[in-house]
Amino acid sequence: MNYTISEENYLKTIFLLQETEGTVSTNTLAEKLQTKPASVTDMMKKLDAKKLLNYKPYYGFTLSAEGKKIALGIIRRHRLWEYFLCNKLNFGWEEVHLLAEELEHVGNKKLVDRLDAFLGFPSYDPHGDPIPDSKGRVRNIRKIPLHQLPALRPAEVCQVTNQSSEMLELLHHKQIGIGTKLEIKKFFDFDHSLEIKMKNSTITISEQLAQNIFVTYEQDL
1 MNYTISEENY LKTIFLLQET EGTVSTNTLA EKLQTKPASV TDMMKKLDAK
51 KLLNYKPYYG FTLSAEGKKI ALGIIRRHRL WEYFLCNKLN FGWEEVHLLA
101 EELEHVGNKK LVDRLDAFLG FPSYDPHGDP IPDSKGRVRN IRKIPLHQLP
151 ALRPAEVCQV TNQSSEMLEL LHHKQIGIGT KLEIKKFFDF DHSLEIKMKN
201 STITISEQLA QNIFVTYEQD L
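Heads up, the sequence shown stops at 221 in the UniProt record's numbering, and the numbers go up one at a time, no gaps.
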């Protein structure tokens with residue numbers, strides 16, 4: 001069955017919200033998609049009729065097994081295209097999200113599988129988000145936000161959760177990216193900022209920035 005771009009956007013967004021919130025509310029989804037709650041309610045009825053949703057008015061909703069399968073396919077395409085654009089066409093990691101938003105709706109399975117093979121079956125996109133495989137399986141690793149890392153513990157950046165162009169530009173300016181090795185030298189009580197040491201530099205970053213950088217411990221590398 002074919003789905004509209006709008007339906008696919010809803011399914012993907014519900015899946016991502018569901019990962020952190022469980023049951024998704026109409027208002028939360030409306031805010032995320034920057035639309036009216038009434039429009040969300042209309043779409044929920046359509047997706048429910050197609051058996052893609054477990055929906056109860058006033059109680060929120062979750063994806064059905066079929067809805068989750070479709071959402072994972074969309075996310076797989078999006079993250080593979082991000083990887084392709086960044087690693088093969090040399091786009092900056094702050095540029096690829098909007099382009100992948102368009103390309104993710106090209107749902108030809110043979111094309112997506114060949115793209116995956118061409119790229120060497122990558123497990124993570126340029127921002128460290130896991131790429132579902134052809135069966136919808138996702139590889140997860142143990143990780144924590146940087147501000148929770150104990151001082152003087154060697155670690156490696158594995159994911160950036162805030163992927164706005166402003167955030168990625170800031171990280172690029174500070175020479176922090178996926179795979180960057182670092183350790184926290186000092187926590188500052190006044191504003192909870194952190195002094196971190198990397199290979200060739202020592203810099204101070206805000207707590208807000210550190211909350212959006214996830215790392216693996218040295219023992220997990």
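Backbone N, C-alpha and C define an ideal beta-carbon position, used for all residues, glycine too.
How many Å lie between residue i and residue j at the Cα?
| i | j | result |
| --- | --- | --- |
| Lys185 | Leu99 | 38 Å |
| Tyr217 | Ser201 | 20 Å |
| Arg79 | Ile131 | 6 Å |
| Arg139 | Phe121 | 12 Å |
| Met198 | Glu82 | 26 Å |
| Lys68 | Phe190 | 44 Å |
| Asp25 | Val96 | Note on identity: in this sequence residue 25 is Ser, with Asp being the wrong assignment. Answer to the nearest angstrom: the Cα atoms are 29 Å apart. |
| Thr204 | Tyr124 | 27 Å |
| Ile196 | Leu33 | 36 Å |
| Ala210 | Asp133 | 29 Å |
| Ile141 | Ile176 | 20 Å |
| Pro126 | Phe15 | 20 Å |
| Tyr58 | Leu152 | 48 Å |
| Glu4 | Thr161 | What sits at residue 4 in the sequence shown is Thr, not Glu. In a straight line, the C-alpha of Thr4 is about 27 Å away from that of Thr161. |
Whole-angstrom Cβ separation of residue i and residue j, contact assumed at under 8 Å?
| i | j | result |
| --- | --- | --- |
| Leu194 | His147 | 7 Å |
| Ser165 | Glu94 | 5 Å |
| Gly136 | Leu72 | 4 Å |
| Lys51 | Glu66 | 6 Å |
| Ile213 | Pro145 | 7 Å |
Buried or exposed: residue i, going by 16 or more other Cβ atoms within 10 Å of its Cβ?
| i | result |
| --- | --- |
| Arg77 | buried |
| residue 263 | No statement about residue 263 is possible, as the shown extent of the chain runs from 1 to 221 and does not include it. |
| Val106 | exposed |
| Asp116 | buried |
| Gln208 | exposed |
| Lys12 | buried |
| Gln163 | buried |
Suppose the cutoff is 7 Å on Cβ atoms and the five residues either side in sequence are ignored; what does the same chain contact list for residue i look like?
| i | result |
| --- | --- |
| Gln18 | Val24, Thr62 and Leu63 |
By Cβ distance below 6 Å, which residues in the same chain neighbour residue i in space, the five residues on each side in sequence not counted?
| i | result |
| --- | --- |
| residue 226 | The structure shown does not extend to residue 226, since the chain is modelled only from 1 to 221, so the question has no answer here. |
| Leu168 | Trp93 and Glu94 |
| Leu221 | Here Leu221 scores only 46 on pLDDT, less than 50, and its place in the model is too uncertain to base an answer on. |
Could you tell me whether any non-hydrogen atom of the ligand GDP is closer than 7 Å to the CB of residue i?
| i | result |
| --- | --- |
| Ser164 | The ligand GDP is not part of this structure, which contains no ligands at all. |
Complete beta strand (DSSP E) runs within the region 29-105 (minimum length 3 residues, chain order): 53-56 and 60-63
Where in the region 152-218 do unbroken runs of the beta strand (DSSP E), each at least 3 residues long, occur, reported from the N-terminal end onward? 155-160, 181-187, 194-197, 202-205 and 213-217
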